[in-house]
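Residue numbers (my numbering): 782 to 947. In what follows, a structure is listed as structure tokens, so that the remarks can point back to it.
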């Protein structure tokens with residue numbers, strides 16, 4: 782009945798700790814990218830679930846918070862997760878897998894379109910660059926089925942004991 786952590790859960794442990802990030806978002810074809818900075822804190826729950834809590838400010842200066850919950854469903858043999866944020870009312874429910882080389886966790890989800898009514902398929906990729914750096918890439922499926930990148934975030938581990946770095 783009780784699950785035991787697997788190798789896939791150990792992969793999620795790479796994202797634990799304290800992180801500072803810079804995200805760049807594309808808001809439209811003729812718009813310059815918007816930059817957002819903040820911090821993220823990752824911890825494991827029972828060795829099975831990664832909880833990633835983020836906070837930052839929009840380019841307009843508004844504060845936001847977010848929460849990823851990511852795990853590996855041992856019965857379904859796939860990664861699963863959720864995402865919520867203070868500026869959206871939709872609960873995002875993910876599923877996905879690691880790439881063959883084990884460097885990237887690719888999660889897909891259907892959610893509301895950013896440019897009007899209806900839904901779209903989204904893909905978030907967590908790339909483990911090294912022990913102190915990971916990248917989150919967000920894409921949306923275009924009407925032609927091609928993936929369109931709209932956000933890239935670089936997360937760097939906070940290594941200082943100075944509280945102002947957090």
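Note that CB positions come from ideal geometry on N, CA and C, so glycine has one too.
{"Check": "Over the uninterrupted beta strand (DSSP E) stretch that includes residue 832, give me the two end residues.", "Outcome": "830-838"}
{"Check": "Could you tell me the distance, in whole angstroms, from the CA atom of residue 910 to the CA atom of residue 897?", "Outcome": "34 Å"}
{"Check": "Determine the direct distance from the alpha carbon of residue 809 to that of residue 784, and round the result to whole angstroms.", "Outcome": "44 Å"}
{"Check": "Going along the chain, which residues of its own chain have a beta-carbon closer than 6 Å to the beta-carbon of residue 902, five neighbours each way excluded?", "Outcome": "891 and 922"}
{"Check": "Within 10 angstroms of the Cβ of residue 826, are there 16 or more other Cβ atoms? Answer buried if so, exposed if not.", "Outcome": "exposed"}
{"Check": "Would you say residue 883 and residue 860 are within 8 Å of each other, going by their C-beta atoms?", "Outcome": "no"}
{"Check": "Taking the continuous alpha helix (DSSP H) assigned at residue 793, which residues delimit it?", "Outcome": "788-794"}
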